[in-house]
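Structure record follows, encoded as structure tokens.
Protein chains in written order, with this note's numbering: chain F, 418 to 750; chain V, 295 to 685.
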């Protein structure tokens, strides 16, 4: 127990924790929305995120080539916007594909919910493996050499060629807050705010809440639930794409299994805040990120994940349906 | 998939219609078949690239785990995504007691491992089983991770390096004398096949009964025996008041509680029994041929595979769990020639299966009846969607 370390570095731990937590929260939105509408743990959402991270890295490789370089955040901002769009498109497409291939056939056949979970697990394996075998796949279509920069060493860590050098933006309590962290936090807050307003104010959002509340009544009222479900997946994909961009800004490298642990964390965040609740995902994500950092400072980094899960269990004991608890369907119209 | 589907259903129906004596005889025959299977080494089925006995051990161990998890998921309806935690507790208890800290014999450590795992199950279950269904999934998942990280970081149980030299179960008959004495009471040759013509292969002999490095088959026999005993116990429990209480709790917890079923206590019992079987298989795994465990032997992914085995097989049916466990363990080994692609293919298979067998390969008879009835009702009401169907 190293309290002095925690006390001396509290600002840094809080800021970086919030930044990581913001990424968790963005990914958690995908879990929480799908859960709200379908009561389904979309296990493959982690792969939606992972494909987003690769989209970001590929955009950078496409523009810069593979030679590593270092830049400040300001210099790369244009490229980041481009990769943000790419990641959001790729993630949304993967999410859409998932819904089409892994879920809709099951819903049609009225498969039990647990079976849908198995299908999601299968999709997750298949997507992750496909990414890990992308050199082979490129070989089949005869593009192995042309795409070498993108597919070589498919199972290794794939780094963004541009390492973003964090600059100090301002100082709080002796710690220089980095522009990267600030950007990550602000950008994800903005995305979440946009999503929240979208779900609250638009016709589509109303449809989503209606399906979450009672699919049959919603159908009777003329809500096209198939469209709503597809849209929910796409929205989750868009958020995961944004999270992927921020993740690449902060971490800078990815691999075919990068989604798994992050997905588990994000799902934990969603449950922590109350699954099915959009604002809960934000609260859960930030809380998880910060407490992980504090826990790592207190007990050592090797206990970081243990702290996260113990926190989850403790909170669920006190509030069995998460911190904010309320579901997507019960939110005020 | 179509013909397979009808064949499976037809088999299940025929099975249900058989007289009791015939069923018992068939089960005995089937068990005998599985005992000799790694010696017969039938073509096509046998894995060529890796030791078939070892694969059969893996299959039996996976089936045992699936039977245990089936109690939690299939009978009591609790989604447990951290079952590997119990498996690890069982394995580590055995490792610590027999090798790392103490030097107990295998059969002394085994019951302790089971009891310790059972207590772990109660300790985890008592506070968390009040949490609603899907929240339980993530809590258990967290538990599995906590166990893995704890054994990675605690020096007393070997930390990241793990525990090696875990003793094997005691031999029957004389011990092997290196370099050439195989030990055991006698040795059993296996068959080798040239096309469809079998011949006795004296180069591949299994000493009866030596748990050593020579052959994995004795370990397989041990696990298979344990599996059969557990299946018998499972049947006795399922057909008792306890099994009915689980079923009632799973179908409608409030109604069960009103009818006087102490649902919480029965859920906890399911959790503890499931944990005990997980611990048992973990203990067997720890003292298997390799005699070595480390934290990497218990990844979260394994929990997911366990759940997949139970649900693919048909949650709630012990034979379904056995079949599912066997398939999940066997298929990736059998199709090693696709080496790099086997996980991809496995993932695709998990995606395709639910479309054709939404209830699992061998669903419990009750589910089949319930589904038929539900379909009739739906047809009468002319309803299209029934998304929110429960387990």
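Each residue gets a CB set at the ideal place from its N, CA and C atoms; glycine is no exception. Everything numeric in this text was worked out from a predicted model, so none of it was measured.
Nearest neighbour of residue 506/F by Cα position, chosen from 670/F, 720/F, 654/F, 429/F, turns out to be 654/F. Against chain V, the beta carbon of residue 532/F has neighbours under 7 Å at 605, 648, 652, listed in chain order. Neighbours of residue 447/V across chain F, judged by C-beta separation under 7 Å: 719, 720.
If you draw a straight line from the Cα of residue 338/V to the Cα of residue 356/V, it comes to about 21 Å. Residues of the segment 393 to 425 of chain V with a C-beta atom less than 7 Å from some C-beta of chain F are 421, 422, 424, 425, listed in chain order. Between residue 622/F and the set 644/F, 603/F, 607/F, 604/F, the nearest pair of CA atoms involves 644/F. Using a Cβ-Cβ cut-off of 9 Å, residue 595/V counts as an interface residue toward chain F, since at least one Cβ of chain F sits closer than that to its own. In its chain, beyond the 5 residues on either side, 469, 504, 505, 508 have a beta carbon closer than 6 Å to the beta carbon of residue 658/F. Under a 10 Å Cβ-count criterion, residue 450/F is classified as buried, with 16 or more other Cβ atoms of the shown protein chains found around its own Cβ. Listed along chain V is no residue with a C-beta nearer than 9 Å to that of residue 466/F; the closest approach is about 17 Å. Counting along the chain, residue 479/F sits inside no beta strand (DSSP E); it lies in the alpha helix (DSSP H) bounded by residues 462 to 481. In this structure, the beta-carbon distance from residue 334/V to residue 492/V falls below 9 Å. Taking a C-beta distance under 9 Å as the contact criterion, residue 358/V and residue 569/V do not qualify as a contact pair. Within the DSSP bridge table, the entry for residue 303/V names no partner.
Assignment of residue 586/V by DSSP, reduced to helix, strand and coil, places it in the coil class.
At least one CB of chain V lies nearer than 9 Å to the CB of residue 527/F. In the structure shown, the three-state DSSP call for residue 487/V is strand.
Counted as a single uninterrupted DSSP element, the alpha helix (DSSP H) harbouring residue 726/F occupies residues 721 to 735.
With respect to residue 434/V, residue 375/V sits close: the two C-beta atoms are nearer than 9 Å. About 6 Å separates the CB atoms of residue 351/V and residue 582/V; that is less than 8 Å, so the two are in contact. Per DSSP, reduced to three states, the secondary structure at residue 584/F is coil, with no helix or strand assignment.
Counting only runs that start and end inside the segment 618 to 677 of chain F, the alpha helix (DSSP H) elements of at least 4 residues fall at 620 to 630, 632 to 637, 642 to 667. Under the 8 Å Cβ criterion, the segment 551 to 564 of chain V does not count as touching the segment 402 to 411 of chain V, having fewer than three qualifying pairs.
DSSP links residue 482/V through a beta bridge to 500/V. Within 9 Å of the CB of residue 305/V, no CB atom of chain F is found; the nearest one sits about 21 Å away.
Out of 609/V, 576/V, 639/V, the CA that lies nearest to the CA of residue 386/V is found in 576/V. Taking C-beta atoms under 8 Å as the contact rule, residue 646/V and residue 538/F fail to qualify, at a distance of about 13 Å.
Secondary structure at residue 576/F: strand, using DSSP grouped into helix, strand and coil.
In this structure the segment 635 to 643 of chain F does not touch the segment 458 to 478 of chain F; the number of beta carbon pairs closer than 8 Å is below three. With respect to chain V, the C-beta atom of residue 709/F has no partner C-beta closer than 9 Å. By the C-beta density criterion, residue 456/F is buried, having at least 16 other C-beta atoms within 10 angstroms. Residue-level contact check: residue 627/F does not touch chain V, since none of the beta carbons of chain V fall below 9 Å from its beta carbon. Of all residues in the segment 620 to 644 of chain V, those with a C-beta nearer than 8 Å to a C-beta of chain F are 634, 635, 637, 638, 640, 641, 642, 643, 644, reading in chain order.
Residue 521/V and residue 573/V have their C-alpha atoms roughly 13 Å apart. Only exposed fits residue 397/V, as fewer than 16 other CB atoms lie within 10 angstroms of its CB.
Residue environment analysis places residue 485/F among the exposed positions, since fewer than 16 neighbouring C-beta atoms fall within 10 angstroms of its C-beta.
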